[in-house]
Structure formats: C-alpha cells, structure tokens
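For the protein sequence lines, the chains are A and B, in the order given. Each residue of the first sequence is one higher than the one before, starting from 1 at the first, in my numbering. Each residue of the second sequence is one higher than the one before, starting from 1 at the first, in my numbering. From the three backbone atoms N, C-alpha and C, an ideal C-beta is built for every residue, glycine too. Below is one structure, written out as structure tokens; comments come after it.
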Amino acid sequence: MLSADGTRQPIGQFLVEQGLITREQLEETLDLKQRWGTRIGDIVLAKGWLKREQLYQALATHLDTVFIDMESEPPDSDLFIKEDAAQYSDLLVLPWAEIRGQTWVVAADPDVRVYEFVRVKFGEDAVIAFASKFDILTQLHKLAGRQFNETAVHGLRHIDPGHSASQVFTPSQIFVLYGLISVSLLLTIWFPIAALQTLNALLALYLLASFFFKYLLAWVGSDVHTDIKATDEEVKALDDLSLPLYTILVPMYKEPDVLPILAAALRRMDYPLSKLDIKLVLEEEDKETIAAAEALNLEGIFEIIRVPPAAIKTKPKACNFALHFSRGELLTIFDAEDKPEPDQLKKVVVAFRKSPANTACIQARLNYYNWNENWLTRMFTLEYSLWFDFYLPALEALKVPIPLGGTSNHFKMDVLRLVNAWDPYNVTEDADLGTRLTQLGYRVGVVNSTTYEEANTSIPNWIRQRSRWIKGYMQTYLVHMRDPIGLYRSLGIVGFLGFQFFVGGTFITALITPILYGMYVLWLLTGTHLLDAVFPDMIQFPSLINLLIGNGFFIYVSVLGAFKRKLFGLMPWALTVPLYWILMSIAGYKALWQLVYKPFFWEKTAHGISKFSAAERAEALKPASEVAKS
Amino acid sequence: MTRKLLVRDACKLLIGWLLSFGLIGTLNWWLLSRGFRSDDATGAFAKSLIVATSPAPLAKIVVTFPQVPLLLASVARAVPGGASPALPYVLGALLASFVPAWLYGKMRREGCGILSAASVAFLLTIHPMFLWAGTTGVENAATLLIYIYFSLSLLRIAWEQDARGFMMLAITLPLLLFSSPVAGLLMGALLLLLPVALPRSMVSANPAAGYVAAFVPPAIAVLSWIYISWIFHVDWRTVIFPEFSKRLLSTDLETLWRLNAGFDYFALPVVLSFFAVAAAPLLFATMRWTGVPIQSRRAIFVASLAPVLVALFEIAEDRLSHPAPVLMLLCAALIAVVRRFPDLTIQSPFRVAGLLLLGALGGAAFLQVSPSSEFVSWQQSLLGKHSDALHLPERSVGKWLAAEKEETILDVTGAYPLIAARASASHLLLPGVPDFGVQLQANWLSTPQFVVPDPATAQGALNVINRRYPSAYSSGMQGYTLAYDSDGWRVYRLAALPGLPASVNATDIDSTGAPEVWIWTAAILAVLAGGTALLSLLAQMKSPRKSVLLSLNLNGAEPERVESAPL
C-alpha cells in the first residue's frame, strides 16, 4: 500500500496503524530487528503478537498483492511438480492455480531467489501471491507427503544400503556367525575343557581390555581441560546478527502432557526467537498430541509437522520426514521432555566456530532434572554423568567415533542432508549417525552445555527404553561391522578399537556378565569344583582383576561422575550401582530377543510420569505475568 | 603438541635420566663397596627369593601380596643376572633417577630457564632423603615415587578441583596401603585435610561426599585383598589387624613394632588436629616468604601439611626409630610443589633455592641425630669409611643354613638378612604356607630344624615361634639340640639327624653386590645412551608435513584448529 507521496510506508508503522501491534511493540520490534537481523514479520510472529493469518493478510495489503487463504482455497494438485518438492519447501513457494493462462504461485517469503525460481519454472508472466508459510507447509504435506515419507523411510536404504540397518544380518554375517557357533560346538564336544577354557579366556581378556579402554576414557575425561570450552565470555561476545537460523526438531508421540513444559523451555532459549525454526514432529494419527499442540496456541516460531503413517514408525523416520521442511543452517533435536540450558544454542555456535571445518555435529550433554526422585533415577543420573561428562569428551579427544545421544545433537544441516540423515531402521539412529559421520571423515564434538531430561522412574519403563537402546547398539554394531576392514581403514586403529569396546562393549558386557556372575554365585554358594578346570591360574587372575579392580573401578568412576556433575549428594549412591547392572543385563537379553523377532520395533518410553512433571506442567502453563512475579 | 616436539622432550628426559642415573648408580656402587647394606634392599631381595622358591604358585603370591616393589623385583628376576642382591639397588636407582630428569623436563616446559630448572633438580637430588631413597633399594625408591604422586594428587584436588585429582588419589592410596608403613598415618592426615582441599561448594553441600571420593578406592582395595586372601586361604584379618599377620612379606618391622607399642587408630585424628594447628602458621609464613600467589597457597598448604602432620605425630609419639618414610614424604611433597608451581622458581629463584638448600642441610642434620644404625652405616659409607657391618648374626646363620638341605621352620620377622645371605628360600618353612600354621597349632614342632631369635630383642618378641613356644630360644624343644648359635639367633636341630654343616667365617659371609651393581649400572647407562642417541636421530629427521605442523605450532596456532566453520 503506497502512501500519498507514492512511497511505501514502513511495514512496522503499517501494522501499528492497522491496530495490529502497539507502538511499544513496534519499538521493541525495531530494536530486535537491529540486533537480530531478521525481519519485522518474523519478530512479531516469534513474539506471538500476531497470528499468522493476520500478519500475512497485512503483508499482502501492504504490498498490494493478493493473500490466498489456502485452507479455504487449496492449490491445484496438477500444477505440483514432484521433482521440485524440495525447492518448494526450501523457498516456501507453491504453484497455486492457473488463471487465464497465468500461473499463480503463492509464496510466504518472496525474495530475489523466489522471483528467480518462479520466473524459470512458471514463466515471466507468473503471478506471485502471498500465503502463510504454515499454509504452504500444510499443503506441501498433503501434496508431497507420500513422496517425502518414501524418502524418509527408504532414502538411506536405496542410496547407501551398506549403512542401512534394514537388513539386520547380511548373508556373510550369518555365514560367519554360523561357522563360529558350529566350530565352537564341535570343539566343545571334542575338547570340552580346552574349548571352554579358550572361550573363558577370550571373555576374560575382552572384559579386561574393555576395562582398560574405559579406564583410559575416564582418565582423559576426568581432566577439566578435556572438554570443549564454550565460555560465558565467548557466548556474550557473539553478535546476534551473525547467528544462523536454527532448526529445532521435537519428535513426539502421544505426549500431550509434556508439550507445555517443552514450549516453556524452548521459549527460554537465549537465541533470537525469530531465528528459530521449531518443528513439533507429530505422527498424523496422534490426534491427541496434535490437538494439544494446537490448543496451546503457540507462537509463530512453532510449526506442527504431521508425519504420515508408514510401514515403520520410528523417531528417525519422523525426523527424516521433518528434515524436508527444515530451513536452518544448524539443526538440533530435542525430546519432548527436554529442558536445554538456555545458552545451549549459542554455545554450540561458539563450539562450531572453534572446531575444525569438518566438524559436522556437536553433542550437548544430557542429564536429569528429577535425579533424586528414586533409586532408579539416581542410578540413571550417575550413568548419564559418566557417559556424557567423562566418556564422550574423552572419545572426542581420542578421535573415537561418538555414539550420539538421542537428543541435543546439533548438526550442520548441509552435512546432515549429504550423509542421508538418520537411518529409520535403526532404533538408536543417533549412535549410528555418529559412527557414520566419523567414518565419512567428519568430526563429532562435545559441548559443555546440558539438556535436562526426565529420568525414567519405573523399572518396566526403564527396561523398555534400555532394551531399545541396546538393540540399537546391536544394529549399529552389525551395520558397521559388515566391512570390518573398511571400518578399520576409515577409523584407524584407535577408532576401530574404540568402536569395538564402546559400541560393541555396551551390549556384549550386558550379555556376558550374567553368565559370569551366574558361575560365580554358583561357586560361591556351593563351593563346587566343577568350574575349577575352566578357571586355571592364567584365566583366574584376569577374571579376578575384572571382578575386583574392574568392578571397583566402575563403581568409583560412577562416584566421580556425580562429582563432576556437582551432584554431591548422589556420590554415596554410586556404591549401589552393581544392582543397576543387573537391570542392564535384563534389558540386554530383551534387546537380543527383539533384534531377532522385532528388529525395527520402537519401544516407546513413556514421559511425563515423574512426580515433578505435574508441577513443571503447571508452572509452564502459568501466564507470563505470574511467572514474572514468581 | 606435535610428534617431533614429543620426541625432543623424550630425548631431553632421557639425557636427564642418563645423567642422574649415572650419578645415583655410581653412588650406589660407592656405598656398597664400602660395606653398606640397606634393610629394604635386603628385604626386597629376600622376598624375591621367597617368591621364586615358594611352593605356592608365583601368581598366587604376587596377587595375594600386591606389593609394588616386590612385583618389580620378581619380574626383574626373569632378566638374565636378575637373581642378584644388587638388583633392588639398581632398580631403586633407576626409579629414583627418573625424578630429577622428569622435574627438569617439566619445569623447562613451563618456562623455567635452564639454570633455574637444573639448579632445582640438582638441589633436590642432593637432598639427603632423596639420595637415601635412591641408594637403598627398590622399595624406598618406589615409595618415594608413590609419595610424589600422592602429593601431586592432593595439589590437583585443591588447585584444579577436577575429577582427575581424585583419580590420581585413587591410584595412590591403594598403592600406599600395600607398600608404605605410614599409609595409615597419611589416611589419618587426609581425614583432616580433605575439607581444606575439597571444592568449597562440595564442603558446604555434602562434605561426606568428599570422603566417599577419597576413601572408596582404598576401601575397595582392602575388601578385594580380604576376598583374595579368603580365596587363597590366607588369613584375611592380616590387612586390618596386623597382629594376625603371618608376616610372610610384610613391609618391615616398623609397622608391627608401632602396632605392638600401642598404636591407636582412633587417637590419630585428635593428635593430628593438634599438630595441624601448630604447623599451619609455619607453612603460611614460608609460603609468604617464597612469594606464593594467594590462589596457590591453599593447594600448597594441603600438600605440605600431610607429611608435616605425619612427621610431627611420629616425633610426638617418640616412635621415630627410623624416620626414612616420613622424611621421604616431606621430600616428595617438596618435589610435587616445585613441579606443580614452577612459576615460584621463575619469580623468586633465590628464595626457592635457599629453601631447598635449607631442606638439604636440615635433612643432613637430622640424619646426624637419628638413632637408626642403618642411617649411621649409610653416612659412614657415603663419607668413604668402611661402615659397620649390619645384621652380622643373621647373615652368619643364613650362610650356615646355605649348605643345609633339611627343612627349617622360620618366622620372617627380622630374618630377611638371613634369607638373603642364604641366597635361597628353598627348604625353609615360612609363614604363608599351610604347613607353617600346622606346626604352630601342634603341641611341639616336628620340622628337622627351627630358627629363633632371642626373645629379649624386639624382633624376638614379635617372632611367632617364640610366642607359641616361649622357651624355644633358651632351651630348644624335646628331641632337638642346639646346632648353631650366632649372637641372638639360634638354630635347633633334631638330635637324630646326622652331620652338621661347618661353622662360617663371620667377616666373609656374603656378597655386598657391589660388583654386580657396577655391571648393571654400566649396562643400563649404555641402554639409556643408546635410547638417547636413537631419539636424537629421530628428532633430526625431517618430513615436510611435520615441518609444517611444527612451524604452525611454534607460531602459537594449533594445527587442528586453524580452520573454522563458516558459521
């Protein structure tokens, strides 16, 4: 809309005059615009001062173009070109209708790139109209959903089948496994003592080597200088103008209760809101959560991505689907119950800038806010403190592949797309992706920022979750060990051994320790001499070292995990951690069973069951004025 | 750091090691050729003989008695020529001489000038307690290294406040427990010191957590030891209540003596608290004088106070019969402080040098007034005099028994010189094997021979055979006759046994090991020189890639981080 003198009124002023925002809001918007370097429209949406429809209608009026409400006037599907779907998503454009020989194209953000694209694709006389980006995305879902879904499920399998877990065991793996079992059985029949001694010795040596490897990790990780340090000063020194657009994927399934908590946590992020591209990734069938998300009336930075159903229903598949709609330069994943530290995104930007150019991913640390709820949450917290505060920084320092944690891993978007993103068949897609990135020559780093999650409070729920993780580690191990020589060449000796002990060790230890403990308890209770032949001195001493020094070390390093996390009250609890290992083995055997019978089944972990969740939810739902008061 | 710089550092370290080993090795030879024998080295040699000839499997013994020096000595026996009394001395010199070289290298890396670093390393080397540790066998040298590590771990906890300090402590305390007679005292000192060393947030939130972090490893070590003892049918009470010890391989007499004299674990913290109050002002005054920055004071205070407390406790209780462990602990703390805070030397080199010199003189003066006959003998030998022969009666009995093939029961308390002189432990029935216990549980002994010391002496009073059979020394036992008597030691033999070995010449009873020390020292020097030459060659080799990395590194940029992501 032009003013009397023929110039176009500034959009901010226009919005004020239309009564859509107040003058104070305009002043704040202009201030933020200067600091953040984003547009006024993005800021007022991010702040939640305008509804999307209001803004886009106002923009259309202001620019003297047509606003198309695609909810009532959907696009002509015949105009949709499947091959261009990725560009539609990237540029937020969509061919809408053919009117009097002219193609009308709707765009949410018409800029030079969009004009160029429209000119090339639809001719010089194509007309560009305005539409809400959310309407465009919704229509893209409808028109390209199947196509995107197909890519999400089968993309990696088709492009890079060697790295896809869609085939659990390859024929050569089955052959080797069969051969090993057969030879072992035959040897056990022919030379029972020698065969059992050899097996026992191999197990003892594996556990011993695993202990030494973990000791090395703990030693390196215990040094305060090991971590990547994104200091507060460095974060403060960041210029908001230079910050990249950040996509946050939040895959959820049947978790309506934790939505307000998550939204509150994301709002608290110390990052220009208008540079956030937050996607709530929800299964299309999950009406309950979708309804809850809509009812929350979230600000414009939140988008709902409805994932169409497919043969497999896993988190990586949902994320792959959502990736088609993601526009950030960086991308991260948060789980529904996550509470990232507010400066995490900025710390990651600092960490990326300080890291070598081939760093593709930065993993933030995970821990639990309900650590002192019960024994299980305490154990879980100890484990995570050890894993994320000791082991992962050490893995990075030693250049061993880092099995990413399920959340708070921050990717460079271009690299993520280049490596075909997540494997939808792998139930620990993150661990797999970390290894794949390292194999492809990228680095994975760790940043000193924490995301707090809800620790499992119930043992059955914990076993469900843990069995999925262990199954995923088995899948990851099997995938990358299809070509052990190739793995060795791509990772080097340290990385290769690290993979064996860290990824392989996680499930191998869970599986073999009950057998060893079983034999031990049998001997302890009955004093039987049956096992004497299987434990000659040469095996007995490594086994004793494993039993006493190894287990002692793992208990102690759990103590130190709590120390490093500054959860001092948790340190004495570490003495009970052996009981937790029993649970781990139960989950390990369940995982093994599932690997054979239900390899791609995603055991859903229930969230929001902590006693803290209700309070968190109530706090999150409080009006802003009350929060400020409190 | 690039590989090339690492090679250069290793090369410098080797040169330093070569020089200091040459010095200490020569000193070793000098002392031994003048008749000096160290109790610890003799004990280590005797223990390695016991391990080598014990009916129990070697692995069983070394696991059951996880003494670090013993393990080293046992492994070294496998080297050709390793079954020599010289071996503990050579190993000790090798371990101790590493310290000045390491100290010099680290200080240079931290920016100390050559002169400052070399002076500090030299002044520490000539500290009497360092020389003592380096020339009296592998047990003392290993203990010194463990003490240094202990002090470094305390400094790290107090200074960096990270988990690494606790991991270092977790290694040190179990090692100390199984190798040092003052381990119990140190643990007591730690009880007091921990709140000072721990992060303040931890102390205010949960001070008990600090004790968990510090004491879980030694607790696990003790429990493991008890468990292993149980598996291998060794009395598990030994580690907690040494009066139950069969003392097969116990570190030395002092621990038993202290316990026997009424040592009370529970009184320890009280006594230490008293001395902590007394020692603290002195330490702070010293730190002010040397110009220690305020933020370093807490760390140094913690590391220094532990040995001071232990020393004062020992003095106060009038138990300083053999002050070596305590003085070595002080020396270790000094080394650790110098290593950790090289900037002190940079900022005030004369004050630090003065303090070190004062420490060396103080150590020498203390040796002069020490009642230990071993110290006296060492000093005499150091000054070139032929020292008084120590443990002549034991050595005489050992030499006499050397020709004897009959089984002889013997408690090891004070008997290591005897076993060392015998050069074998075969046909000796020693504590730690079931038969020994059987003999003590019977109404009378039934072995062909038994050896007992005079119960009027300290070692005689502790001897388990004397305790079981109080008149064994004075009148023997029914059916036995006195076969050999050597000034406080007697051998009784079944009267029915024929033929007695001839008596031995007391002045020429066994080798000091001096010639072997000389040969070994020369051989090791040759190996070190070869290694140094090899590393020098490696450091000279150039490859284009390495040169680039080196130049980048020297320019202050870390090669791996020169590129940055385009964000």
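Under a criterion of Cβ atoms nearer than 7 Å, the residues of chain A adjacent to M202 of chain B are, in order, F568. In chain A, no part has a C-beta under 8 Å from the C-beta of F215 of chain B; the shortest such distance is about 10 Å. Distances from the alpha-carbon of F501 of chain A to those of A:H480, A:A209, A:E283 put A:A209 closest.
Ranked by how close their Cα comes to the Cα of F334 of chain A, the residues A:A364, A:S613, A:A195 have A:A364 in first place.
Put simply, the CB of M571 of chain A is near chain B, with a gap under 9 Å to one of its CB atoms. For A394 of chain A, the enclosing alpha helix (DSSP H) has its first and last residue at 392-397. Sequence-distant Cβ neighbours of N200 of chain A in its own chain, meaning closer than 6 Å and more than five residues away, are V534, I539. Between R489 of chain A and S172 of chain A, the gap from beta carbon to beta carbon reaches 9 Å or more. In the three-state scheme derived from DSSP, where H, G and I count as helix and E and B as strand, R8 of chain B is classed as helix.
Residue pairing by DSSP places L280 of chain A opposite A:V250, A:I304 in a beta bridge. Rounded to the nearest angstrom, the Cβ distance from L176 of chain B to I146 of chain B is 6 Å, consistent with a contact under 8 Å. The C-beta of R340 of chain B has 16 or more other C-beta atoms within 10 Å across all chains shown, which makes the residue buried. Per DSSP, the continuous alpha helix (DSSP H) segment holding F507 of chain A begins and ends at 505-526. Proximity of chain B to D240 of chain A at the Cβ level (cut-off 7 Å) is not reached, the minimal Cβ distance being about 13 Å. The beta carbon of T345 of chain B sits closer than 6 Å to the beta carbons of C112, S116, V120, V352 from its chain, once the five residues preceding and following it are set aside; these are given in chain order. Around the beta carbon of Q368 of chain B, a 10 Å sphere encloses fewer than 16 other beta carbons of the protein chains shown; the residue is thus reported as exposed. Scanning its chain for C-beta atoms nearer than 8 Å, with the 5 sequence neighbours on each side dropped, one finds around G291 of chain B the residues L344, Q347, S348, R351, in chain order. Of all C-beta pairs linking the region 95-106 of chain A to the region 166-180 of chain A, fewer than three are shorter than 8 Å, placing the two stretches out of contact. Interface annotation, K133 of chain A: not in contact with chain B, CB-CB separation never under 9 Å.
Within the DSSP bridge table, the entry for D343 of chain B names no partner.
Taking 9 Å as the Cβ-Cβ cut-off, the region 547-561 of chain A approaches chain B at L547, L548, I549, N551, G552, F553, I555, Y556, V557, V559, L560, G561, given in chain order.
In the three-state DSSP reduction, T172 of chain B falls in the helix class (H, G or I). A101 of chain B is positioned such that its CB atom lies no closer than 9 Å to that of G22 of chain B. Between the C-alpha atoms of A357 of chain A and G445 of chain A there is a straight-line separation of about 12 Å. Cβ proximity to chain A below 9 Å picks out nothing from the region 329-348 of chain B. For A263 of chain A, the closest of A:L205, A:L156, A:F612, A:A293 by C-alpha to C-alpha distance is A:A293.
Residue environment: F191 of chain A is assigned as exposed (fewer than 16 neighbouring CB atoms within 10 Å of its CB, all protein chains considered).
Pairing L522 of chain A with L511 of chain A gives a Cβ-Cβ distance that is not under 9 Å.
In terms of beta-carbon proximity, A574 of chain A lines the interface with chain B, with at least one pair separated by less than 9 Å. Interface annotation, Q478 of chain B: not in contact with chain A, CB-CB separation never under 9 Å. Around the beta carbon of R113 of chain A, fewer than 16 other beta carbons sit within 10 angstroms, so the residue counts as exposed. Using a Cβ-Cβ cut-off of 9 Å, D286 of chain A does not count as an interface residue toward chain B, since no Cβ of chain B sits closer than that to its own. If you check the CB distance, K604 of chain A and K279 of chain A do not come in under 9 Å.
Partner residues in the beta bridge of P95 of chain A, as assigned by DSSP, are A:V105. Residue pairing from DSSP places F450 of chain B in a beta bridge opposite B:I409, B:Y492.
The beta carbon of D232 of chain A sits no closer than 9 Å to any beta carbon of chain B.
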